[in-house]
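Note sheet for the following structure.
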Amino acid sequence: MNKITQAFPRLQSAGFKRPLAAYRLVQAAILISLFWKWKFFLQADSIYANIPVEDPFFPDWLRSVTTIRLAFWGSALATSISLVTPVNLLQKFCSWFGFLGISLMCIHQGSYNDMTFVTIWWCCLWSVWLAHRLETGQQELLIRRAAFLSRLIISLILLGGAAGKWTPEYWSGEVLFDIYFVDRDFWVFNYLRDNYEPKELQEIAKWYSRQTVVVETVSGIGLWILPARWAALVGTIILSGIVIMSNQYLLSVVGCLIGLACVGFLVPRRTHPTVVTAHPSTENSTAN
Amino acid sequence: MVDLNDASPSDNEQKNGEQQRDLGFCCIVAFIGLIAVWLLLMPWIPGIAKQSLQRFHLRTPSFSVWAAQFPIPSMYNFANQYKVEQYPPGFVMMILDESWRYANHFPTRVITFFAGRYNFLSSKQDRWFTLKSSYRGQVLESKFHLEAQAEGGYKLIRIDEIEESL
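Protein chains in written order, with my numbering: chain R, 1 to 288; chain C, 1001 to 1166.
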């Protein structure tokens, strides 16, 4: 990590803007999240068109297949433009457009329950905020704030997961046993089913569930307090762990958050007075 | 290791220019703080858990109040169970599947979302869904009748006899 950090001042002097890099990194991560379950969304589209469910709870237009198609493709297109365009006005416009499209996905009958869109929504909110500040003269302050917001958002999302699990059914492992251990086709659970008896599986599920509750609780409460690069490292490990140990489809939920977590790696080390005194020439390069 | 001032400007920026005030940054931080307080109080304030359980069953009194809660993250929240039957609840006949299964969040997904909609509603026959969510002693049970329509698709009818202990 030190070598990477030392390389940043050289990159900055060559025109590398950390906030812009962070912005593009998150747009790319949003696109990964959106398209990770691409086949799944294609099938969903066909099912929604063929089996409409009339529920007066949702306004008609938030049950419509056309709305969900426009919201999805509009957000994907806007995010793609945000990723590549060098024009700040376009970045701002596309960030707002993506934000509004994903907001619709979060309340549409066909997608409200998919946490992919909630995590993407938080990344879009962060993107809107950053897009309006990309041309500031205080680039270092901006990347520090961007990283702070990113770990605050990740903490909140993990806290949201934890708070709903502070209940006996999760502490006993009963819920995750039924969802994952009984019949989920994923390497961890296939391996466990092949090698352990049902009684033993219940015991494993209990500790698996408790581990999840504890990790989400601790990181939900404490991740945002860590320094930027430590938070980035810990956040990336935890979020990747969720995918590796639970379900590959969860990459659509946490993929954008992993991108958001990585923003912390772009924060430069603070300059220390002792270093400035000993090597005056380093001061300017590390502060930029 | 802890650095609470990590979002503050560097020494150079403090020396060379005034610190930019950022209202948008403060608003987002405040918004996150508000949601965090809501989540942290959920185990101790039954009203908050009740709101969240109703949100999960699409039973919030108004759609706008329900929609306003979407930013609150709720992955794998509560013990949500569902049961799907071919006949109305209480009907003395062979039941398709007596067993309850768990759903990760928003148990109404078994009716509205991709896989559930396909698995349970592609037969073009009526179905009855019973959903039960519990959180630290609070339980919300909802029953839905999915009535097959002649022109295709289904009509969702909320069954009035709802047992709950909120």
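The beta-carbon is built from N, C-alpha and C at its ideal position, and this holds for glycine as well.
Chain-order list of residues whose beta-carbon lies under 6 Å from that of residue i (same chain, five-residue window excluded)
i, result
"Ile1072 (chain C)", "Ile1035"
"Leu130 (chain R)", "Tyr23, Ala146"
"Cys123 (chain R)", "Val26, Ile30, Cys256, Leu260"
"Ser155 (chain R)", "Gly220, Leu223, Trp224"
"Ile120 (chain R)", "Ile30, Ser33, Ile102, Cys256"
"Val165 (chain R)", "Residue identity differs from the one stated: residue 165 (chain R) is Lys in this sequence, not Val. The answer, listed in chain order, is Val213."
Residues of its chain near residue i, where Cβ-Cβ distance is below 8 Å and the 5 sequence neighbours each way are ignored
i, result
"Glu1151 (chain C)", "none"
Per-residue contacts from residue i into chain C (C-beta, under 7 Å)
i, result
"Val175 (chain R)", "Ala1079, Tyr1102"
"Ile47 (chain R)", "Phe1114, Arg1117, Tyr1118"
Proximal residues of chain R, C-beta to C-beta of residue i below 8 Å
i, result
"Phe1186 (chain C)", "Nothing about residue 1186 (chain C) can be read from this structure; chain C reaches only from 1001 to 1166."
"Tyr1082 (chain C)", "Correct list: empty, because the minimum Cβ distance to chain R is about 11 Å."
Counted within 10 angstroms of its Cβ, other Cβ atoms place residue i as buried (16 or more) or exposed
i, result
"Asp183 (chain R)", "exposed"
"Ala1068 (chain C)", "exposed"
"Lys39 (chain R)", "exposed"
"Ser111 (chain R)", "buried"
"Asp194 (chain R)", "exposed"
"Lys1124 (chain C)", "exposed"
"Gln1081 (chain C)", "buried"
"Ser46 (chain R)", "exposed"
"Ala1103 (chain C)", "buried"
"Pro268 (chain R)", "buried"
"Pro198 (chain R)", "exposed"
"Cys94 (chain R)", "buried"
"Gln211 (chain R)", "exposed"
"Pro56 (chain R)", "exposed"
"Gln109 (chain R)", "buried"
"Thr66 (chain R)", "exposed"
"Gln91 (chain R)", "buried"
"Ile1045 (chain C)", "exposed"
"Glu140 (chain R)", "buried"
Distance, residue j Cα to residue i Cα
i, j, result
"Gln1054 (chain C)", "Pro1089 (chain C)", "21 Å"
"Asp185 (chain R)", "Val26 (chain R)", "30 Å"
"Ile244 (chain R)", "Gln1149 (chain C)", "42 Å"
"Gly101 (chain R)", "Ser75 (chain R)", "5 Å"
"Gly1061 (chain C)", "Leu104 (chain R)", "The sequence shown places Pro at residue 1061 (chain C), not Gly. Answer to the nearest angstrom: the Cα atoms are 20 Å apart."
"Tyr1043 (chain C)", "Leu226 (chain R)", "Position check: residue 1043 (chain C) holds Pro in this sequence, whereas Tyr was assumed. Using only the alpha carbons, I get a separation of about 26 Å."
"Ser1122 (chain C)", "Leu1156 (chain C)", "15 Å"
"Thr286 (chain R)", "Val253 (chain R)", "Its pLDDT being 35, under 50, Thr286 (chain R) is placed unreliably by the model, and the measurement read from it follows with that caveat. Their backbone Cα atoms lie some 35 Å apart in a straight line."
"Glu1085 (chain C)", "His1105 (chain C)", "21 Å"
"Gly137 (chain R)", "Asn88 (chain R)", "14 Å"
"Ile68 (chain R)", "Arg270 (chain R)", "45 Å"
"Ala1030 (chain C)", "Val218 (chain R)", "21 Å"
"Arg133 (chain R)", "Leu1039 (chain C)", "30 Å"
"Ala162 (chain R)", "Val215 (chain R)", "8 Å"
"Gly336 (chain R)", "Tyr1087 (chain C)", "What is shown of chain R runs 1 to 288, which leaves residue 336 (chain R) out entirely."
"Trp1128 (chain C)", "Val1110 (chain C)", "11 Å"
"Val1037 (chain C)", "Gln1051 (chain C)", "15 Å"
"Thr1112 (chain C)", "Asn1119 (chain C)", "11 Å"
"Tyr249 (chain R)", "Leu149 (chain R)", "26 Å"
"Ser1142 (chain C)", "Ala1049 (chain C)", "16 Å"
"Arg293 (chain R)", "Ser1074 (chain C)", "Residue 293 (chain R) falls outside the range modelled here, since chain R spans only 1 to 288, and no answer is possible."
Minimum Cβ-Cβ distance from residue i to chain B less than 8 Å
i, result
"Ile1111 (chain C)", "This model lacks chain B altogether; the protein chains it does include are R and C."
Within chain C, the residues that residue i reaches when beta carbons sit closer than 8 Å
i, result
"Pro59 (chain R)", "Phe1063"
"Gly259 (chain R)", "Ordered by position in chain C, no residue passes the 8 Å Cβ test against Gly259 (chain R), which lies about 17 Å from the chain."
"Thr136 (chain R)", "Gln1020"
"Lys165 (chain R)", "Tyr1076, Asn1077"
"Asp178 (chain R)", "Arg1101, Tyr1102"
"Glu54 (chain R)", "Gln1149, Gly1153, Tyr1154, Lys1155, Leu1156"
"Gly241 (chain R)", "Within chain C, no residue comes near Gly241 (chain R); the closest Cβ sits about 14 Å away, beyond 8 Å."
Close-in-space but distant-in-sequence residues of the same chain around residue i (CB under 7 Å, 5 per side omitted)
i, result
"Ser1134 (chain C)", "Phe1078, Ala1079"
"Trp96 (chain R)", "Val128"
"Leu125 (chain R)", "Phe99"
"Glu1147 (chain C)", "Asp1126, Tyr1154, Lys1155, Ile1157"
"Lys206 (chain R)", "Ser172, Gly173"
Contact set between residue i and chain R, taken where Cβ atoms lie within less than 9 Å
i, result
"Ser1122 (chain C)", "Ile47, Asn50, Ile51"
Contact list for residue i against chain R, beta-carbon separation under 7 Å
i, result
"Leu1058 (chain C)", "Phe57"
9 Å Cβ cut-off: residues of chain C touching residue i
i, result
"Leu149 (chain R)", "Ala1007, Phe1025, Ile1028, Val1029, Ile1032"
"Leu353 (chain R)", "No answer is possible for residue 353 (chain R): the residues shown for chain R start at 1 and end at 288."
"Leu192 (chain R)", "Within 9 Å Cβ-Cβ: nothing; Leu192 (chain R) doesn't reach chain C, min ~18 Å."
At a Cβ cut of 9 Å, what residues of the stretch 103–130 of chain R count as close to chain C, listed as they run along the chain?
-> Ser103, Cys106, Ile107, Gln109, Gly110, Ser111, Tyr112, Asn113, Asp114, Met115, Phe117, Val118, Thr119, Trp121, Trp122, Leu125, Trp126, Val128, Trp129
Interfacial residues, the stretch 1061–1080 of chain C to chain R, with Cβ spacing under 7 Å | Phe1063, Ala1067, Phe1070, Pro1071, Ile1072, Pro1073, Ser1074, Met1075, Tyr1076, Asn1077, Phe1078, Ala1079
Selection of the stretch 1014–1047 of chain C by Cβ proximity to chain R, strictly under 8 Å = Gly1017, Gln1019, Gln1020, Asp1022, Gly1024, Phe1025, Ile1028, Val1029, Ile1032, Ile1035, Ala1036, Leu1039, Leu1040, Met1042, Pro1043
Against chain R: residues of the stretch 1133–1163 of chain C by CB proximity under 8 Å | Ser1134, Tyr1135, Arg1136, Leu1146, Gln1149, Gly1152, Gly1153, Tyr1154, Lys1155, Leu1156
Residues in the stretch 23–44 of chain R with C-beta within 9 Å of chain C's C-beta atoms, listed in sequence order?
-> Phe40, Phe41, Gln43, Ala44
Contacting positions in the stretch 200–215 of chain R - beta carbon closer than 9 Å to chain C | Thr212
Check each residue of the stretch 67–92 of chain R: if its Cβ is closer than 9 Å to any Cβ of chain C, include it; give the result in chain order.
-> none
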